[in-house]
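Worksheet for the structure shown next.
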Amino acid sequence: MQMMEPLPPSEVDQHSKLPMMEQAPPSFPGEASKLKLKLMVDQHSNHVLFAEAGKDVVDFLFDLLKLPIGSVASLLSKYRIAGSIDKLRDSVESLDDAYFILPAEDRHALLNPQIFSSTLPLTSLLLENEKSSDRPARKYYRCSGTSSRGFCAGQNLCGGEFGYVTDVRGTQCPCCRQEMTVEVKFVAGEAEKARAEAGGGYVKKVVTYMVMDDLSVMPVSTTTAITLLNNLLIKDVSSLNEWTVELGTKEGLDLLKASLRSTTVLTDVFLGKSEKGVPLD
């Protein structure tokens, strides 16, 4: 493991070293885009101390923060999440149409919220079922400003008074009263261009990251690892093993579930005895 260089003689006998053991989890047919990470496991307590992860894993973890709560509830509906979010979702499904302002539109928006577009393969796999309705990408429209004698007449696209756009084609322009049917093209700013040039995602690829059992993330370093072992009162380094595990669709869902109810997420998902990863109550 890159950051686990031999500890100083004052910390441990110079002839001691961390035993390294590769252990792969069971495979799940049909899954793709699996990510890999290395777990440092304390065999005595059967807990994950931390994981060594690359940019792809950290990007996936950060990407989870962009999921609408309605999508999270839908993704994890088969688990029946402990708490009240399921009951809230069930209420939207069962409440009579008479109590909604726009029954069909509101119920669809709440139960199937607009999901952000992710370029990360694993996040896209998690959201595959949520996108099964083939919801088209949102488009925006303006008026043409060419056939009216109103305020918008005779103006060109760049120098005119096109101050209104809509996402519903055919809406009447408040300015010239024409139907707004001319599609407006969205142009990404320099920030998104820079992100794309860096490989997408959120964090840089130049370093390896340490992900703690509670999903805290920090750049990896030997000093940080040694400090962590000292803080956790790890005296017997021979009890530490390194496992290489995979993070695929199933593990991603288990991780999302565990993150909502646990502070030992990596242990629950990768070492838990429950069939679903997180130990049952």
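Each step along the sequence shown adds one to the number in full-length UniProt numbering, with nothing skipped, and position 192 is 192.
Ideal Cβ positions, reconstructed from N, Cα and C, are used throughout, including at glycine.
Computed from a predicted structure; not experimentally measured.
The segment 49–65 and the segment 98–114 do not touch, with fewer than three beta-carbon pairs separated by less than 8 Å.
Runs of the beta strand (DSSP E) spanning 3 or more residues and lying entirely within the segment 167–221 occur at 182–184, 209–212 and 217–219, in chain order.
Listed in chain order, the non-local C-beta contacts of V41 below 8 Å within the same chain comprise H47, V48, L49, L240, N241, E242, W243 and L271, local neighbours out to five positions each way being set aside. Distance between L232 and T223, taken at the CA atoms: about 14 Å. Shown here for T166: same chain residues with a beta carbon closer than 6 Å to its own, the five before and five after excluded, namely Y141 and M180 in chain order. In the displayed model, K38 falls within a strand according to three-state DSSP. Distance from the CA atom of D213 to the CA atom of R169, rounded to whole angstroms, is 49 Å.
Non-local C-beta neighbours of L126 in its own chain, meaning closer than 7 Å and more than five positions away in sequence, comprise L75, T249, G252 and L253, ordered along the chain. Selection G189, E190, L215 and V220 evaluated against K204 yields V220 as nearest (Cα-Cα). Exposure of G163 is indicated by the presence of fewer than 16 other C-beta atoms within 10 angstroms of its C-beta. For T244, the enclosing beta strand (DSSP E) has its first and last residue at L240 to L247. Residue pairing by DSSP places F50 opposite M40 and M212 in a beta bridge. Only buried fits S71, as 16 or more other CB atoms lie within 10 angstroms of its CB. With a beta-carbon spacing of about 6 Å, M210 and E52 fall inside the 8 Å limit used to define contacts.
Under the 10 Å beta carbon count, G201 is surrounded by 16 or more other beta carbons and is classified as buried.
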